[in-house]
Structures are given as C-alpha cells and as structure tokens.
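In mature numbering (1 follows the signal peptide of the UniProt record, and there is no 0), the protein residues as written are -26 to -1, 1 to 400.
Built from N, CA and C at the ideal position, the CB exists for glycine as well.
Note that this is a predicted model, so its numbers are computed, not measured.
One structure is given below, encoded as structure tokens.
Okay, structure coming up:
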C-alpha cells in the first residue's frame, strides 16, 4: 500500500469536520434473525456521507445509529479512512477536460480486436505519459486489501488508491479518458463523465472545495496485461468502478454510483446522470399491485446502501422481496430493464457476458425484487433492491448534503460471485 500524503490544510480539515458532523452515514440496525436492517428514516439527512467513529456495536464501516444498536452498515468507505491532502499538486483543469466530448488519447491501440487487449494497450499508453514517481504511485499489488480501498465519500477524508486526476498532465488526463472510454461502454463513460461534472457543479455552486472534478483517482491493481489478471480502479465522490480483466470472471463490480444534485445545468447542457437507473427501478416498483408490493416489502429501513464500501461479501443470508417468477410478463420485462440499466455501463463484451448470466431463466427464477420505506424517489429512505444468485443492486434516496431541500441518490451494483473478478471477494 502506498503511504498517505501529509495532513491536509486546516481550511480543508474544518470543511470536512463540518460535513462529517452534519452527515452520519447509514444509521441502520439489524433485525434479529432476518439478515435485514432497520433504521430511523426520520433522522435528518445526516445519514448520507461521512461518519464519526463507529461504536463498538456498529458493523464494519457503520455509523452511530440513533437507537444505539449497531449493524452491518452501508459503510462510509473501505479501508484507509484517513484525512488526505487534496490541495497540492494540481496542474490540470479536470472539469474543462471532461466537458470536452472528444477523447484524444492514443490511437495505437485501436487495432486490438478484443476489449481486454485494447484496455491493456491503453493502460500502457497512459503509463508512458507518467513520471517514474507517478508510475510507482499508480500501481498496486492485486490483493483483497488494496481492492477494498474505495469509497463514495469526498476524497479529502477517505483515502483512495493511485493518482488524483487533478495532478495529471493534460496528456496523462487524455490518456485516462481514452482508457476509461474503452474499459466502459459509451453509456458507462457518460455516467463517469457526468458524475465528475456533478462534483464540479457542487463546488462552483456552493463554494465548498471538498467536492471537485479534480478529486477522482485512477489505480492499477496488478500490472495491466492482455493475458494476466489485473484491476482498473477509478474512484471519487459518488463514483467507484473496479473493472477486472483476465480474472476468474471479468467483472465491473463493485460499482458505486451516486449523484447530487439529481439534475444540473453546466454551460447550457443539462445533466441527469442517474435518470435511467432511477426511472427503471421506480417503474418496476410502480408496476406491482398492492398485494405484490406487500409481498415485496423488505423488513427494516435504509438510509444508505447495505453492501457498500467496506462491506465486501456481506450479503444478507436470507432473501427478501417478491420472486421474479411471481410477476407477469410485463413486470418481468421491467426487472430485466432495471438490471440492464447498471450492467450496460460495462463495455459491450462484458455486459453481454454478464447479462447472459444474470438474465438466464435459471438465474431469474432465483431473483427477488424488494423495497422499503417509500415507493417514491421524492422521499428520504426510499429503497429498492434486486437480488439474484449473482446480481445485487441497491438504490436508496437520501436527503441532500449540499442541498438539504432535495433528495440525492446512492446506488451499488455488486456480483455475489465475481466482485473484483471473483479472485478474492468473500
């Protein structure tokens, strides 16, 4: 593991302290014997981002619950939750580079017939733009410990692996864009791009520099290769992708995607990064009859995703919700569309492979959909889950952190068998 940078400036520390005190993460408690969770969703939106020190009875990463009973929380972040210096070494305007539609990285890799080979080629092209010091900083051993270092919290208070986008040269940043565009689908790259810009919007609109387009990171776990195992990690506030290659099973998970605000306009362009996911999930839930909604209700209440950062492998032992086979054909189609809304962020080859697994009749016959709190995404604590033999998707609504009169979203997509390529997830 790389050493953390020196302690950040007093100004940033004060800003973080204010946010952390305002935002306790995932106040949830375990319902005995059910594998589910409960929470006080009437608590202020302080459950969104950040945490104080967890009490002894809190689960890994869980914040202090209002009723004093801890549980396996949604987690404020993976290992390495230390203050990080994000104020020095910035040389590139990431927002300006990301706003540009064009991806202008190396074209020497375009002849690669397979995505894995093209991604490895572009990763190598990126490495060639770096200094020796940067090369050392971006590369990590392929271990479970390193894999778990990602978060949805602002980068200033939870350590990430690798190099911060804002410290990269223009050439290096363009190489990152080309790499991400190849490793993800066009839709997936658009998701990444719009979430980065959402953070830039937060900074310019609120004046708080803890949210910033510069504060996204890239890391390689293992050495990029067309044949040997490795993971491409991209992480920042409200975004984390762990894209594995040449593993037991190639995968794009864990993938965390969130956004605040839901919709924003920048330079005359309106962005709504999670609209497709939101609409798919709530259309699916809204299609259920009153009796089906009753069956689909998950015991407990949720302020955050359950199997988030720091929660690798901690899936509930007991399934809850309504089984896919109990739905009519139109409802079944909506379940498939909801799963596709996440999986299609992966590159085309991988998404086809994963959808074949997730949407097989055998898999779907063991897939449940469930909800808790509210059937409206206008409400804090509204929560929807899809759980199959492999696929795990959560969508939760939280009162805003920057905009307390609005709702913002957290989501997680995991693969019960293939997170991090299935090589070291529990």
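- Contact between the segment 346 to 363 and the segment 185 to 203 is absent: fewer than three C-beta pairs spanning the two stretches fall below 8 Å.
- For residue 344, the three-state secondary structure derived from DSSP is strand.
- Listed in chain order, the non-local C-beta contacts of residue 103 below 6 Å within the same chain comprise 145, 146 and 149, local neighbours out to five positions each way being set aside.
- Looking at the DSSP output, residue 374 shares a beta bridge with no other residue.
- DSSP places residue 191 in the uninterrupted beta strand (DSSP E) bounded by 190 to 195.
- For residue 388, the enclosing beta strand (DSSP E) begins and ends at 381 to 389.
- In terms of CA proximity to residue 305, 255 leads the group 276, 329 and 255.
- For residue 67, the closest of 258, 130 and 142 by C-alpha to C-alpha distance is 142.
- Apart from the 5 residues on each side of it in sequence, residue 196 sits with its Cβ closer than 6 Å to the Cβ of 116, 203 and 204 in its chain, given in chain order.
- The C-alpha of residue 312 is placed about 20 Å away from the C-alpha of residue 168.
- The Cβ atoms of residue 72 and residue 171 sit closer than 8 Å to each other.
- By the 16-neighbour rule on beta-carbons within 10 angstroms, residue 187 is buried.
- The C-beta distance from residue 293 to residue 342 rounds to 5 Å, short enough to fall under 8 Å.
- Of the candidates 308, 111, 183 and 178, 308 places its Cα closest to the Cα of residue 250.
- A distance below 7 Å between beta-carbons, with the five flanking residues on each side excluded, links residue 121 to the following residues of its chain, in chain order: 195, 205, 216, 394 and 398.
- Taking one beta carbon from each stretch, the segment 382 to 394 and the segment 293 to 303 have fewer than 3 pairs nearer than 8 Å; the two do not touch.
- Under the DSSP assignment, residue 120 falls outside any beta strand (DSSP E), being part of the alpha helix (DSSP H) whose first and last residues are 118 to 121.
- Taking C-beta atoms as the reference points, residue 134 and residue 209 count as a pair closer than 8 Å.
- Just so you know, the alpha carbons of residue 139 and residue 263 end up roughly 47 Å apart.
- DSSP places residue 210 in the strand class (E or B) of the three-state scheme.
- In the three-state scheme derived from DSSP, where H, G and I count as helix and E and B as strand, residue 178 is classed as helix.
- Contact fails between the segment 321 to 338 and the segment 171 to 186, because fewer than three Cβ pairs, one in each stretch, are under 8 Å apart.
- Beta-bridge annotation (DSSP): residue 219 is paired with 204.
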